[in-house]
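Engineer: Here it is, the structure, as structure tokens.
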Amino acid sequence: MSIAQKDQELKALYHKFGVPEFVKKWIENSDESDDIPQYNLHAPLCNMHPEDALLCIALCLKVIHQKHIHASKLLENVVEIMDSIVENYGASALNRDTKNFPDIERIDIEFVAADLDMLTYHLENIEPYLFENQDDSVSIIIHALYIQAKAQAEIASYVLKNFREQSHHNKTFKQQDVPFLKTLPVNDNKIKI
């Protein structure tokens, strides 16, 4: 894929999820206000399917890495993971047709859970710095993304555990057991900026 195609895909993903655009605008206008409406980060992310949340968090971190010089040094160890997540999940998120989405087996929750765990681990390693710089707006954003990554990792682990228990007992896993499985990943996670 060419660089122009990658940039076009990134812009489309930023627009689809909305949260990365919010982060970008907030960083660009951070001189105007010291208050970050954290709710605008938490609310849309916690309502997403874990696969979408994983991708959206990676996109937000990518925006921070590109737009904030100080944070780019902080996120050096996470760059490869961010790029991998965008590469592995981005195209399918853009091409996903929610009307004709096949059964839940197509959503590979095992990979999503592993990637969320890995991202959470790396963000957790940044936490000591974040606590030292609580007044820094980017630290607040990264901390909010860490909280959401951790919560989504726990949700994905719960679902994966239930899948494994059900298969161990030769039972079929019921979608109604986990609320987000009733609603497949959606690409219209918009927030008001």
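If you read the sequence shown in the working numbering, its first letter stands for residue 17, the second for the next number, and so on. Every residue gets a Cβ at the ideal spot worked out from N, C-alpha and C, and that includes glycine.
(1) Should the region 99-108 be called in touch with the region 34-42, which here means at least 3 C-beta pairs below 8 Å?
(2) With 16 as the cutoff for other CB atoms within 10 Å, does P53 come out buried or exposed?
(3) For A107, which residues in the same chain have their Cβ closer than 8 Å to its Cβ, ignoring the five residues on either side in sequence?
(4) Can you give me the C-alpha to C-alpha distance between F179 and S18, rounded to a whole angstrom?
(5) From which residue to which residue does the alpha helix (DSSP H) around G106 run?
(6) Just how far apart, CA to CA, sit P66 and I97?
(7) So does the region 161-174 actually touch the region 57-73, counting three or more Cβ pairs closer than 8 Å?
(8) Report the option in V128, I125, Y145, Q168 whose CA atom is closest to the CA atom of H86.
(9) Less than 9 Å between the beta carbons of L57 and D131, yes or no?
(10) Go ahead and pull the three-state DSSP assignment for L26.
(11) Starting from M134, follow the alpha helix (DSSP H) in both directions and report where the run begins and ends.
(12) Exposed or buried, Y30, counting other C-beta atoms within 10 Å across all chains shown (16 or more means buried)?
(13) Assign H31 to one of three DSSP states: helix, strand, or coil.
(14) Closest by CA to E92, which one among F127, N141, V128?
(15) Identify whether I120 lies in helix, strand or coil by the three-state DSSP scheme.
(16) What does the alpha-carbon distance come out to for the pair H81 and L110?
(17) N45 lies in the alpha helix (DSSP H); which residues open and close that run?
(18) Measuring straight from C-alpha to C-alpha, what distance separates P36 and H138?
(19) Between which two residues does the alpha helix (DSSP H) harbouring Q54 extend?
Structural biologist: In short, the structure shows the following:
(1) No, the region 99-108 is not in contact with the region 34-42.
(2) If you number the sequence shown from 1, residue 53 lands on position 37. With fewer than 16 Cβ atoms within 10 Å of its Cβ, P53 is classed as exposed.
(3) Counted from its first residue, the sequence shown places residue 107 at position 91. So the list reads E25, once near-sequence residues are dropped.
(4) Counted from its first residue, the sequence shown places residue 179 at position 163. Counted from its first residue, the sequence shown places residue 18 at position 2. The straight-line gap from Cα to Cα measures roughly 38 Å.
(5) What you label residue 106 is simply residue 90 of the sequence shown in a count that begins at 1. It spans 95-111 - the alpha helix (DSSP H) in which G106 sits, taken as one unbroken run.
(6) Sequence index remark: in the sequence shown, residue 66 carries index 50 (1-based). Sequence index remark: in the sequence shown, residue 97 carries index 81 (1-based). If you take the alpha carbons of P66 and I97, they lie about 16 Å apart.
(7) yes
(8) Taking the sequence shown and counting its residues from 1, one reaches residue 86 at position 70. Of V128, I125, Y145, Q168, the residue nearest in Cα terms is Y145.
(9) Against the sequence shown, residue 57 aligns to sequence position 41. Against the sequence shown, residue 131 aligns to sequence position 115. Going by C-beta atoms, L57 is not nearer than 9 Å to D131.
(10) Walking along the sequence shown from the start, residue 26 turns up at place 10. Looking at L26 - three-state DSSP - the assignment turns out to be helix.
(11) Numbered from 1 along the sequence shown, position 118 holds the residue referred to as residue 134. Taken as a continuous stretch (DSSP letters only), the alpha helix (DSSP H) holding M134 covers 125-148.
(12) Here residue 30 refers to the residue found at position 14 when the sequence shown is read from its first residue. Looking at its Cβ environment, which holds 16 or more other Cβ atoms inside 10 Å, Y30 is buried.
(13) Taking the first residue of the sequence shown as 1, we reach residue 31 at position 15. It is helical.
(14) Taking the first residue of the sequence shown as position 1, residue 92 is located at position 76. With distances taken between Cα atoms, E92 lies closest to N141.
(15) Indexing the sequence shown from 1 puts residue 120 at position 104. Because the pLDDT of I120 is 48, which lies under 50, any placement of that residue in the model is unreliable, and the number read from its coordinates should be weighed accordingly. Three-state DSSP puts I120 in a helix.
(16) Along the sequence shown, one-based indexing puts residue 81 at 65. Along the sequence shown, one-based indexing puts residue 110 at 94. When rounded, the distance between both Cα atoms is 22 Å.
(17) Working through the sequence shown from its first residue, we reach residue 45 at position 29. Note, N45: premise wrong, no alpha helix (DSSP H); not H, not E.
(18) Here residue 36 is taken as the residue at index 20 of the sequence shown, counted from 1. Here residue 138 is taken as the residue at index 122 of the sequence shown, counted from 1. Rounded to the nearest angstrom, the two C-alpha atoms are 19 Å apart.
(19) Residue numbering aside, residue 54 sits at position 38 when the sequence shown is read from its first letter. No alpha helix (DSSP H) holds Q54; DSSP gives it neither H nor E.
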